[in-house]
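Structure record follows, encoded as structure tokens.
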Ligand code: SF4
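Chains as they are written, first to last, in our numbering: chain F, 1 to 467; chain R, 1001 to 1190.
This is the structure:
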């Protein structure tokens, strides 16, 4: 066994199998479990009904993010249903002894931002959360994926999850990244290539020089969107970039524990000759700043391109047309110059400091377009703090933008940050589904640079023209 | 199970369509069926949209037949709850998103994956006769279009099949092996 070359995914998976059920799922031990207010209340109710407790409360971390307001967080939450869920999270956490970063806590923020930020997320771990973008944590070489509420209950009760082992896919991107191309563009490009279901049933490992040279923030953006091509999760082998990011963070191992952990983490890479079920390779030079034109994240294109005709995408004609109709676009349209009503920068995809730096780099010395409403929402209080310390807030204020308080915000529009029906939003989040950002909203997914270019010009603009 | 079916021949039906996020605010698992496919089913003024299939009384049944890549997107189990609460016990598609498939099994909905050709036959059969019945046989793992006799087998792992047939639950199973789990945890480096 030890001589068989193994992938990174195999190594982490195999290390966590407590039991293998014959012709059934593996029982996988879960090192870290994140919970939030929306998908956990029913799970706790389930525990109560069974009359059982939480097996390892110190392996679960709670943060409020999905339905929290992004202004006036010091005031009571207005929406009674949201307030009720927030209260439930707080009560359940304290009842079972789970660490809880609620509204107003300086560590509060989007679950997939605060986990890594505080050193909770480490290489080689298994991590789950009742949120599909848990795949974000794969950036550290962890197996991380989203689960449903029954599974949240399962993890609370037993610290384990039952899962069949996914198939393996490796996606390599090598070559030189072009001007204005960010990690978001790399992943939107990949999804456009393989479609919104192209990796269903797979766990993806990202490899190649583009990812090796990427910051941790960028790697998180990429792994975050693995789910948007159907993958269970995505991961990137940990390296010096990873170790430097983790070192010194609050919950990261220290001293002798650090040395021991590091020695193990260095073994976490795919062996030479290990096999994948599917291998894909792309050339970074082919990637442009991307934008989506339809209602699933696979409907993306280089910003200077024209919307393809459905035939070119191979089938799904009716769905394709329904999608364009919803968006109010025609095939062979160019999006450049289309009027934009809203710009949203934030979410667990692009709500980290690097994203606000990128946004500010375009905004600097320009003014917000009058026709644009912009929601600028940091992923956490720590990011908010950095934005202030680095002078980014000054640049934003100068240009006529306001900074909001952390949370998921318009990514899923469970709070008041809803894009009105029929309006166009250039959004740095991860989903452009019908109504995702509010009933009838029309979402164009893009990078922080493209969002910034739209925010200052009021229309879809190639950010390279402003760089 | 033998039932007529409701056809939804749309690809990439995502969980935001099945149950929009604004309806996820409950702290209990009930009443989600009312908001199943909310924005496809109702106008903004809450009047039903006539052309949506759930508002068309000629279609009914315990089986929902969807286009390829059904259940993509968010991990919200609320999507499966809404489908269950509305009264469906089986969803048929040529392709399911992973998390949705797992959630369905966990809430008592059987996801039946068929070939694209068979899916097409089902849609055609329903188009011809909205009352046409499908027979889903879990022990044999087959699905049959009763009117034409066309039949296909589907996959499900034997552990899940056993649970579904006997009403067992993963948590009962895991509770019974808590000593093993604690042993693992004690040796874990994390
Ligand atoms: S930012 Fe969006 S995708 Fe991320 S956790 Fe929040 S709702 Fe989910």
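Don't be surprised by glycine CBs; every beta carbon is placed ideally from N, CA and C.
Residue i beta carbon near the ligand SF4 (any heavy atom closer than 8 Å)
i              : result
residue 111/F  : yes
residue 257/F  : no
residue 349/F  : yes
residue 232/F  : no
residue 138/F  : no
residue 40/F   : no
residue 1090/R : no
residue 1033/R : no
residue 132/F  : yes
residue 408/F  : yes
residue 72/F   : no
residue 381/F  : no
residue 65/F   : yes
residue 404/F  : no
residue 412/F  : yes
residue 430/F  : yes
residue 346/F  : yes
For residue i, three-class secondary structure by DSSP
i              : result
residue 98/F   : coil
residue 1038/R : helix
residue 1059/R : coil
residue 1096/R : strand
residue 1111/R : strand
residue 1048/R : strand
residue 174/F  : strand
residue 289/F  : coil
residue 1005/R : strand
residue 1163/R : helix
residue 465/F  : helix
residue 205/F  : strand
residue 417/F  : coil
residue 361/F  : helix
residue 1131/R : coil
residue 55/F   : coil
residue 128/F  : strand
residue 196/F  : coil
residue 118/F  : coil
residue 232/F  : coil
For residue j and residue i, the rounded distance between their alpha carbons
i              : j              : result
residue 1051/R : residue 123/F  : 50 Å
residue 184/F  : residue 350/F  : 8 Å
residue 262/F  : residue 242/F  : 11 Å
residue 9/F    : residue 1046/R : 47 Å
residue 340/F  : residue 108/F  : 31 Å
residue 1188/R : residue 252/F  : 15 Å
residue 320/F  : residue 310/F  : 6 Å
residue 1058/R : residue 1176/R : 47 Å
residue 1097/R : residue 342/F  : 30 Å
residue 155/F  : residue 144/F  : 14 Å
residue 105/F  : residue 258/F  : 28 Å
residue 1077/R : residue 40/F   : 11 Å
residue 461/F  : residue 306/F  : 14 Å
residue 298/F  : residue 4/F    : 36 Å
residue 1060/R : residue 429/F  : 37 Å
Boundaries of the beta strand (DSSP E) in which residue i is found, first to last residue
i              : result
residue 1063/R : 1063-1066
residue 281/F  : 278-283
residue 343/F  : 342-345
residue 1151/R : 1151-1153
residue 19/F   : 17-20
residue 154/F  : Run containing residue 154/F: none in the beta strand (DSSP E); it sits in the alpha helix (DSSP H), 149-158.
residue 427/F  : 424-427
residue 32/F   : 32-35
residue 26/F   : 26-29
Host alpha helix (DSSP H) of residue i (start-end)
i              : result
residue 1079/R : 1078-1086
residue 223/F  : 216-224
residue 145/F  : Premise fails: residue 145/F lies in the beta strand (DSSP E), 143-146, not in any alpha helix (DSSP H).
residue 1181/R : 1178-1187
residue 103/F  : Counting along the chain, residue 103/F falls outside any alpha helix (DSSP H), and DSSP gives it neither H nor E.
Worksheet item: How do the segment 282-296 of chain F and the segment 217-224 of chain F stand: do at least 3 beta-carbon pairs fall below 8 Å, yes or no?
Response: no
Worksheet item: Would you call the segment 416-431 of chain F and the segment 263-272 of chain F in contact, with 3 or more CB pairs under 8 Å?
Response: no
Discussion item. When you compare the segment 167-184 of chain F with the segment 130-138 of chain F, are there three or more beta-carbon pairs, one atom per stretch, that lie closer than 8 Å?
Written reply: no
Worksheet item: Are three or more beta carbon pairs between the segment 437-454 of chain F and the segment 150-164 of chain F nearer than 8 Å?
Response: no
Worksheet entry | Touching by the beta-carbon criterion (3+ pairs, under 8 Å), the segment 1075-1088 of chain R and the segment 138-157 of chain F | yes
Practice prompt. Report yes or no: do the segment 1085-1095 of chain R and the segment 1106-1118 of chain R share at least 3 C-beta pairs separated by less than 8 Å?
Written response: yes
Discussion item. Does the structure place the segment 43-50 of chain F close enough to the segment 177-194 of chain F that three or more beta carbon pairs sit under 8 Å?
Written reply: no
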